[in-house]
Every structure is written in structure tokens, then in C-alpha cells.
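Order-wise, the sequence lines are chains A and B.
Residue numbers for the first sequence follow this note's numbering, so the first one is 1 and each next one is one higher.
Residue numbers for the second sequence follow this note's numbering, so the first one is 173 and each next one is one higher.
Read through the structure below, which is laid out as C-alpha cells, and then see the notes.
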Amino acid sequence: MTEPRPPEGEGPAPAATSVVIAFRLNGRRVETLAPVRLTAAELLRDQLGLTGTKVSCGIQVCGACTVLVDGAPASSCCLLAVDLDGTEVVTVEGLAQGRELHPVQEAFAAANALQCGYCTPGFVMMTVALLAADPRPDRAAVREWLDGNLCRCTGYAPIETAVILAAERTAP
Amino acid sequence: MGVLPELGLVRSDDLGRVLASVDAEHVPYAGGTELVPAMGLGLRRPAAVVDLKRVEALGRIAVDADAGAVEIGAAVTHRRIAEHPGVRRHLPVLARAAGRVGNARVRSTGTIGGNLCFAEPRSDLACVLIALQATSEVRSGRGARTLAVDELVIGAFETSLSADEILVSVTVPFEPAGMSYWKLQSYERPTLGVAVVVTEDRWEITVGAAVERPVRTVLAAGDSAGLDDFAAGLDIGADLCGPAEYKRSVLREHLRTVLETAP
């Protein structure tokens, strides 16, 4: 706290430059002191060592930094780490069970839906979110959902195929 | 290191405390969709952000059947608007537009209030809300006022809010029959957005995205010459998505399709 606290209910609330946050990360509880200036991507990558989440555009248009916050996809590059407080966060590291890949990861590998792989964690996380909401999307729905994710090497057709394949393998 | 400079956070679930905290250096903050990139680029340098997300009143959606309107709290996300049964029933065009804003990540964090208060010209919601003649409730420590969304968003990246005011909610009248919203979009934001309400004797047209702020006009049904004049008179801007004449041509063709060839 950088300012003295005024009487309850009066005057401006004090501004803090760091906040203790607690959240669940890939099923495990994390409690940490987060500077307000820290983005969620910086917290995950630089402080917690989970470098599967990639940072690219920094302005929420490329999707490389996608993580799930309470099940919804979010751009961790533009999310303040303090906003993770009280949430359930899943990163690409949280998908596999031991050495067994998640069905979406399996499908991306099977469909050759990656080349350099930098964008892949973001596409995978977006796909996990899509299939949770819509287990049997058609190709148009896949395209619309992923139109905010950029791949600069493979092209999008194999990615679309991977999503459809993952849906076929996992839909109830 | 890090993309953002030193930054403070004010967080309270009490609207009074929030209002007492907001000023030019302590800025309202919800999804961060626009503000965080703006801070990262050095375009905004507030001392602190004042988090609105824990104030319950700002997160509500309330359908008022008697008044024939839906009140949407400023901190409600695009995703919640798109999925809310009451919004989908009474404001289907708005629900669909909210469900197509930006991308799925923007929709799960970005809010209706942030969208309006950032006043980016290429906004779907501003166009639809102005077409519906929605009103906004604005508050500060000094009091409350209600104004049309048309009076809130006054220019490109410009609102009529004072530094100590926040948008609390938007009240949207139920959509009339004969309403549509269409957009031309290649990238993250629309190049052109057109909301139209067709009644037996009137054409109500609101154009957004290609202009600095949405422009609404009402013509007598069948007034094709008025339509020509309206399209020709708009101050349409050129950008990487195309020259002004291209956008004007697409607009005129769309209006022809939805109005002049309508059954």
C-alpha cells in the first residue's frame, strides 16, 4: 500500500502497486505477490516458468498468448496478472496427462497442423475452449472462432482439419 | 523489464469508493482490452487503474418488460451480452453484433462500457446502440446524469465524460421489427457497419466504423434521392481497409439491397 487508508466508505480508495493474488493454475493453487504492472503472460512465463504460453503481437490480435480463465479464452499479454485473482487458469502445460497428450494436441500432430509451432499453443487453447462450448462445430464455425489467431507458416487448412478431427474424436 | 510502466490499482466493490477514486490520473478499468495495449504503447500513462469489475451494479443485465428496455451494466462483457437469454430475445441484433466483436478473447474480457468509452470509431456496438437510441447513465462523486449514447460518443476516441465520471450502464429499448445490422470486415475491426430499421413509412439508417462516430438519419420510405444524398454527404475516412469512395460505394450498394429491393 502506498497511501494511508482513509475512513471506510469515504474518499478515494488507496492505490496499491503490488497485490497478493491467489488462483488455481493447471489444477494447482498458486499464491504470489503480483506487481500491478505485470501482465498475466509475464507472470506465467517469467515468474512461474511456464513458457508454453507465447507472446507475439502484444495487442490481442494474434492469439499466441491464449490461456483459459474460468474456461473462457483470454489474451494473457493484455490481461493484468492481478485479474487472475480468484480464477481457474489453464495453460497449454495443463492439457496433457503425464506423457499422454490431450486429444486436441494429438489431433494437431496427426493433421500436421504446425510447422514452427510458435502459434500452436494459442490455437490449441482456442480449440479446447471452442469444443467445450460447441463439441461438433462445422468448418464455418471453426473459421469464425479462429479468425483471431494468426499462423505465419503452415497455413490454416491443416489447422481447420485438426480441429474437426479433434471434435470427431471427442464429441459425445 | 515488462511491457507496462509502474502502475497502481484501486479495487473496491463499493461504487461510492470507486467514484471517489476516479480522476485524470486514476482511470476506470474493466477488461483492459483497449487500455492495457494503450498503456503498453505509451499512449496512456495513468498513475493507477480503478477496477470496476467488483462493483455488482456495473455487472448486471436487467430486462424491464414494463419499460420495454434492457439495462446493461458497463462492466458486462461482450460474451455475456451475446449469450444472455433476455438480450437474445429482446435485442437479437445487439446480441449477434456483440457475439462478433473482435475475437473470442476480446469478447470474454472486453466490456460494453469499455467499448463505448474508448470510442474507437470502428465499433459495432456504438453503431447498433445509437441506431436503437439507447441511453447511458453516467455517475461521478458529484451526481448522476442520463444522456443518449449519441451524446456520449462524440468523436473519434472522444466522449463527453469528464475525468471523474464513469459510465454505469446502458439502457436499450427493445428492438423493433425490421431491424438489421450488417458489417464489412477484413481484420479485427469493422471497415463499415450499417444498422437499418425499416418501418412502413420510414427508413432509419445508422452508419458506423467508416466515419468518426456513428451517423443516424431518418428518411421517408422510398426516398432514394435522400439515400443518395445521405451516402454522398457522409465524411468517410480512408485507411488501410480502403479509400473513402470504396467504402461509400459498398455502403450505397448495401442500402440499395436492404431498403430499395426489400419486399
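Note that the Cβ used here is the ideal one computed from N, Cα and C, for glycine as well.
All values derive from a computational prediction rather than experimental measurement.
C-alpha distance - residue i paired with residue j, whole-angstrom precision
{"i": "Leu412 (chain B)", "j": "Ala239 (chain B)", "result": "43 Å"}
{"i": "Leu79 (chain A)", "j": "Leu68 (chain A)", "result": "12 Å"}
{"i": "His426 (chain B)", "j": "Pro348 (chain B)", "result": "20 Å"}
{"i": "Arg5 (chain A)", "j": "Ala64 (chain A)", "result": "Caution is warranted here: a pLDDT of 49 is assigned to Arg5 (chain A), below 50, making its placement in the model unreliable, and the coordinate value is therefore given only provisionally. Spanning the two alpha carbons is a distance of roughly 40 Å."}
{"i": "Val265 (chain B)", "j": "Ala404 (chain B)", "result": "26 Å"}
{"i": "Asp236 (chain B)", "j": "His262 (chain B)", "result": "10 Å"}
{"i": "Leu191 (chain B)", "j": "Val221 (chain B)", "result": "12 Å"}
{"i": "His414 (chain B)", "j": "Thr32 (chain A)", "result": "A small fix is needed here, since residue 414 (chain B) is Gly in this sequence, not His. Cα-Cα distance, rounded: 47 Å."}
{"i": "Trp375 (chain B)", "j": "Glu432 (chain B)", "result": "10 Å"}
{"i": "Leu43 (chain A)", "j": "Ser76 (chain A)", "result": "9 Å"}
{"i": "Ala81 (chain A)", "j": "Ser396 (chain B)", "result": "54 Å"}
{"i": "Thr17 (chain A)", "j": "Glu88 (chain A)", "result": "23 Å"}
{"i": "Ser308 (chain B)", "j": "Ile233 (chain B)", "result": "14 Å"}
{"i": "Glu199 (chain B)", "j": "Ala335 (chain B)", "result": "The residue asked about is misnamed: residue 199 (chain B) is Val in this sequence, not Glu. Straight-line Cα distance between these residues: approximately 8 Å."}
{"i": "Val325 (chain B)", "j": "Gly188 (chain B)", "result": "24 Å"}
{"i": "Thr389 (chain B)", "j": "Pro73 (chain A)", "result": "38 Å"}
{"i": "Ala382 (chain B)", "j": "Ala416 (chain B)", "result": "8 Å"}
{"i": "Gly52 (chain A)", "j": "Arg361 (chain B)", "result": "28 Å"}
Cross-chain neighbours of residue i in chain B, by beta carbon under 8 Å
{"i": "Arg37 (chain A)", "result": "Gly174, Leu176, Pro177, Glu178, Leu179"}
{"i": "Ser75 (chain A)", "result": "Arg277, Val278, Thr281"}
{"i": "Leu79 (chain A)", "result": "Gly204, Val208, Thr281"}
{"i": "Gly94 (chain A)", "result": "What Gly94 (chain A) touches in chain B: nothing, since even the nearest Cβ is about 17 Å away."}
Where residue i meets chain B, residues with beta-carbon distance less than 7 Å
{"i": "Asp138 (chain A)", "result": "Near Asp138 (chain A) there are no residues of chain B at all, since even the closest Cβ is about 16 Å away, more than 7 Å."}
{"i": "Val19 (chain A)", "result": "Leu181"}
{"i": "Thr66 (chain A)", "result": "Arg277"}
{"i": "Val82 (chain A)", "result": "Leu181"}
Beta-bridge pairing of residue i - partner residues as DSSP gives them
{"i": "Phe23 (chain A)", "result": "A:Val30"}
{"i": "Gly351 (chain B)", "result": "Before going further, note that residue 351 (chain B) is Met rather than Gly in the sequence given. In DSSP, Met351 (chain B) forms a bridge with B:Val369."}
{"i": "Pro345 (chain B)", "result": "B:Ala241"}
{"i": "Leu179 (chain B)", "result": "According to DSSP, Leu179 (chain B) bridges with nothing at all."}
{"i": "Thr17 (chain A)", "result": "None; Thr17 (chain A) has no bridge partner."}
{"i": "Asp236 (chain B)", "result": "B:Ala241"}
{"i": "Thr66 (chain A)", "result": "A:Ser75"}
{"i": "Glu330 (chain B)", "result": "B:Gly327"}
Under 9 Å by beta carbon: chain A residues contacting residue i
{"i": "Ser332 (chain B)", "result": "Those within 9 Å of Ser332 (chain B) in chain A number zero; the least Cβ separation is about 23 Å."}
{"i": "Glu228 (chain B)", "result": "The premise fails here: Glu228 (chain B) is roughly 15 Å from chain A at the closest Cβ pair, so nothing lies under 9 Å."}
Contacts of residue i in chain A (Cβ-Cβ under 7 Å)
{"i": "His250 (chain B)", "result": "Those do not exist, as His250 (chain B) stays about 11 Å from chain A at its closest Cβ, beyond 7 Å."}
{"i": "Gly212 (chain B)", "result": "Gly58"}
Secondary structure of residue i, DSSP reduced to three states
{"i": "Leu84 (chain A)", "result": "helix"}
{"i": "Leu101 (chain A)", "result": "coil"}
{"i": "His198 (chain B)", "result": "strand"}
{"i": "Ile164 (chain A)", "result": "helix"}
{"i": "Tyr156 (chain A)", "result": "coil"}
{"i": "Arg317 (chain B)", "result": "strand"}
{"i": "Glu3 (chain A)", "result": "At Glu3 (chain A), the pLDDT of 47 sits below 50, so the modelled position is not reliable; the number obtained from the coordinates is stated separately. Coil, per DSSP."}
{"i": "Glu337 (chain B)", "result": "coil"}
{"i": "Glu323 (chain B)", "result": "helix"}
{"i": "Leu150 (chain A)", "result": "coil"}
{"i": "Val222 (chain B)", "result": "strand"}
{"i": "Thr39 (chain A)", "result": "strand"}
{"i": "Val265 (chain B)", "result": "helix"}
{"i": "Leu44 (chain A)", "result": "helix"}
{"i": "Leu215 (chain B)", "result": "coil"}
{"i": "Val61 (chain A)", "result": "coil"}
{"i": "Leu191 (chain B)", "result": "helix"}
{"i": "Thr170 (chain A)", "result": "helix"}
{"i": "Val430 (chain B)", "result": "helix"}
Chain B residues whose Cβ lies nearer than 9 Å to that of residue i
{"i": "Gly86 (chain A)", "result": "Residues of chain B passing the Cβ test: none, with the nearest at roughly 10 Å."}
Amino acids of chain A, ordered along the chain, whose beta-carbon sits closer than 8 Å to that of residue i
{"i": "Glu360 (chain B)", "result": "Val61, Gly148"}
- alpha helix (DSSP H) segments (min. 4 residues) lying fully within the region 282-313 of chain B: Taken in chain order, the complete alpha helix (DSSP H) segments of 4 residues or longer contained in the region 282-313 of chain B are 284-290, 296-303.
- Query: At which residue ranges does the region 362-428 of chain B contain complete alpha helix (DSSP H) runs of 4 or more residues, listed in the order of the chain?
  - Reply: 396-405, 416-427
- Going along the region 43-58 of chain A in order, which residues come within less than 7 Å of chain E, judged by CB to CB distance? Within the model displayed, chain E is absent; protein chains A and B are what it includes.
- Every unbroken alpha helix (DSSP H) within the region 92-146 of chain A, with a cutoff of 4 residues, ordered by chain: 103-110, 120-133, 139-145
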